[in-house]
Amino acid sequence: MTRIRNFIDGQFVEPMGGKYLDNIEPATGQPYSQVADSDARDVERAIAAAEKAFPAWSKTPAAERSRLLLRIADLIERDLEKLARAESIDTGKPLSLARSLDIPRAASNFRFFATAILHTENEAHVTDGVAFNYTLRQPRGITGLISPWNLPLYLLSWKIAPALAVGNTAIAKPSELTPMTALLLCEICVEAGLPNGVLNIVHGTGPNVGAAITAHPKIGTISFTGGTVTGRKVAEAAAPLFKKVSLELGGKNPNIVFADADLDAAIAGSVRSSFANQGQVCLCGSRVFVERSAYQNFVERFIDKVSQLKQGDPLDEKTEQGAIVSKTQLDKVRFYVDLAQKEGGTVALGGKVPDSINERCRDGYFFPPTVLTDLPVSCRTNREEIFGPVVTITPFDSEEEVIGYANDCDYGLASSVWTQNLSRAHRVAEKIHTGTVWVNCWLVRDLRVPFGGMKQSGVGREGGEEALRFFTEAKNVCIAK
Ligand code: NAD
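Okay, so the sequence shown: first residue is 0 according to numbering that gives the first Met the number 0, each after it adds one.
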């Protein structure tokens, strides 16, 4: 059985305490590898390596840093099949999804930031006849990068690539539930020739490793993606040390369908935005609102399409719905489906654990795509993040009413609006409190745009120029005339 060790100073090393956690394959419910159960001593060791590597890496010319990161992108693409399989086994997501989305996007992350640093500009300001100012952007030092399980390689690379591109070194902590692609990425970094200590990966649990990273005074920059409750703990640990923190947190995203929408496109888009990766994408539109005149038609056709999604073994090429990442997450999904019924909801589709997927997956964590109707907008099922294959559908009567529904939520990550009325699209986009508003689409990504949430979905923006700025210190140099 593979033992996933820490990657520190360019070497694969045992955790200091010698302990490992079982890494469970969600599709089978069985351990298939083991991952280092590290603690603060391993974080300390990684910090020593990152500190030693920083002076040389931060002085390495941008063209050379770029060349190394592009090489990593090339190797990710070369190893696409191996990485996609590892990601599918680790997470339970369909192999086809890992192959078409997660892994190519991880390569794109490295390529984007590797080339972006070749084109950055520094601002200059002339102060009347008195002085000339220029902005000097410098790397911040050792960065702490903490990521979740739902898009493990994609989200880890989304942090590692900009942090390293601008000359920082990093201590990264992948989710203990999905560490396998991080191991493969480390092997790629060695092959690419990334200098020792520039990227260090410490595996283990949040309370042991994540908390040690966020509390350590030598790590002045924290980029965290995960749940809102954990994000609050990260913010609390970082605040007294005045760390620079980016928090990408949970969501309960509205997906609004107006009666004038192209209904075929809206239904196809809503099926994807509801159930991609079994609903375990922070951007999934888990609250669907449909204008009343189109409601009945939408619900019938939506349910028909959803019922055709093929649930199965994630490694089966035809599978469109795989497994839920863990038993804990499966229990959470079941809890909310029960709660929804207590809150007056109707299970229009799904709602029960399937009898059997196949012999290999008989103990796996599966739950079918589930559609809930007849729920009040203000109920818990409609307000709390479930993070599974469960959507609610609610009718609305006016633009004003649905904007109120969309915003009546603690989260503000993303939203979708389906309409053919351009003026309405602009009006609604302006009034919805989410970091991203997609109009007539979902999950379209352009790496140049700011990305992040409002309200309890987080603070800070990752993506494009914002990410490069987050990972640098802007210094003003003022020269008197
Ligand atoms: P989580 O908060 O449980 O864990 C995220 C990471 O934080 C893991 O690596 C975990 O080990 C670590 N961690 C746990 N406790 C910690 C602590 N006290 N200090 C430091 N680190 C700690 O989240 P999860 O269950 O892995 O992921 C699902 C959540 O992530 C959902 O809420 C989802 O919406 C969110 N998410 C958000 C985005 C986004 O871009 N906004 C993207 C993906 C996922």
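We put the CB at the ideal spot given by N, CA and C, even for glycine. The structure displayed is predicted, hence computed values, not measured ones.
Is Tyr-335 helix, strand or coil when you go by DSSP?
For the purposes of this step, residue 335 is identified with residue 336 of the sequence shown, where counting begins at 1. Here Tyr-335 sits in helix by DSSP.
Option in Thr-369, Pro-313, Glu-290 with minimal Cα separation from Asp-303:
The residue labelled residue 303 in the question sits at position 304 within the sequence shown. Ranking Thr-369, Pro-313, Glu-290 by Cα distance to Asp-303 puts Thr-369 first.
Examine the Cβ distances between the region 275–284 and the region 55–71 and report whether three or more of them are shorter than 8 Å.
no
Tell me whether Phe-488, by its Cβ, gets closer than 6 Å to a heavy atom of ligand 1.
The structure shown does not extend to residue 488, since the chain is modelled only from 0 through 480, so no value can be given for it.
Express the C-alpha separation of Pro-103 and Glu-342 in angstroms, rounding to a whole number.
Taking the sequence shown and counting its residues from 1, the one referred to as residue 342 is at position 343. Taking the sequence shown and counting its residues from 1, the one referred to as residue 103 is at position 104. For Glu-342 and Pro-103, the distance between alpha carbons rounds to 41 Å.
Straight-line Cα distance separating Lys-232 from Ala-55
What you label residue 55 is simply residue 56 of the sequence shown in a count that begins at 1. What you label residue 232 is simply residue 233 of the sequence shown in a count that begins at 1. Roughly 33 Å between the two C-alpha positions.
Which runs of the beta strand (DSSP E) fall wholly inside the region 250–329 and span at least 3 residues, in chain order?
253–256, 286–290
Here's the rule: buried if 16 or more other CB atoms are within 10 angstroms of the residue's CB, otherwise exposed. What is Leu-421?
Residue mapping note: residue 421 aligns to position 422 of the sequence shown, counting from 1. The residue is exposed, with fewer than 16 neighbouring Cβ atoms inside 10 Å.
Tell me whether Val-390 counts as near ligand 1, meaning its Cβ is closer than 6 Å to at least one heavy atom of that ligand.
Reading the sequence shown from its first residue, position 391 is the one you call residue 390. Incorrect: Val-390 has no Cβ contact closer than 6 Å to ligand 1.
Helix, strand or coil at Ala-47 according to DSSP, with G and I counted as helix:
Stepping through the sequence shown from its first residue, residue 47 is reached at position 48. It is helical.
Mark Met-179 as exposed unless 16 or more other C-beta atoms lie within 10 angstroms of its C-beta, in which case mark it buried.
As a working mapping, residue 179 is identified with position 180 in the sequence shown. Per the 10 Å Cβ criterion, buried.
Assuming the contact rule is C-beta atoms closer than 8 Å, Pro-194 and Ala-347 should be a hit. Round their C-beta distance to whole Å, please.
Sequence index remark: in the sequence shown, residue 194 carries index 195 (1-based). Sequence index remark: in the sequence shown, residue 347 carries index 348 (1-based). Contact flag wrong, Cβ pair sits at about 56 Å.
From the DSSP output, in three-state form, read off Thr-168 for me.
Taking the sequence shown and counting its residues from 1, one reaches residue 168 at position 169. DSSP places Thr-168 in strand when its eight states are reduced to three.
In this structure, how does DSSP classify Val-34 when only helix, strand and coil are distinguished?
Taking the sequence shown and counting its residues from 1, the one referred to as residue 34 is at position 35. Strand at Val-34.
Could you pull out every residue in the same chain whose Cβ sits closer than 7 Å to the Cβ of Cys-188, ignoring the five residues on either side in sequence?
Against the sequence shown, residue 188 aligns to sequence position 189. Correct list, in chain order: Ile-71, Leu-198.
Any idea if Tyr-133 is buried or exposed, counting beta-carbon neighbours within 10 angstroms, 16 or more meaning buried?
By one-based count along the sequence shown, residue 133 stands at place 134. Exposed, since its Cβ has fewer than 16 Cβ neighbours within 10 Å.
So is Cys-126 buried or exposed if we call it buried at 16+ other beta carbons inside 10 Å?
As a working mapping, residue 126 is identified with position 127 in the sequence shown. With the sequence shown as reference, residue 126 is identified as Thr, and Cys is not the correct amino acid for it. Flag for Thr-126 reads exposed.
Unbroken alpha helix (DSSP H) runs of length 4 or more, entirely within the region 88–176: which are they?
102–115, 151–164
With three or more beta-carbon pairs closer than 8 Å as the criterion, would you say the region 78–98 touches the region 437–447?
no
Check whether the region 287–307 touches the region 247–262, counting contact only when three or more Cβ pairs, one atom from each stretch, lie closer than 8 Å.
yes
Cβ of Thr-213 within 6 Å of any heavy atom in ligand 1?
Within the sequence shown, the letter at position 214 stands for residue 213. For ligand 1, at least one heavy atom lies less than 6 Å from the Cβ of Thr-213.
Which residue marks the beginning of the alpha helix (DSSP H) containing Arg-66, and which one marks its end?
Start at 1 with the first residue of the sequence shown, and residue 66 comes out as number 67. Note, Arg-66: alpha helix (DSSP H), 61–77.
Can you grab the Cα-Cα spacing for the pair Leu-117 / Ala-164, in whole Å?
Reading the sequence shown from its first residue, position 118 is the one you call residue 117. Reading the sequence shown from its first residue, position 165 is the one you call residue 164. Spanning the two alpha carbons is a distance of roughly 10 Å.
With 16 other CB atoms within 10 Å as the buried threshold, where does Asp-409 fall?
Taking the sequence shown and counting its residues from 1, one reaches residue 409 at position 410. By the 10 Å Cβ count, Asp-409 comes out exposed.
Which residues bound the beta strand (DSSP E) around Val-199?
In the sequence shown, residue 199 corresponds to position 200, counting from 1. As written in the sequence, residue 199 is Asn, which differs from the Val given in the question. It spans 198–200 - the beta strand (DSSP E) in which Asn-199 sits, taken as one unbroken run.
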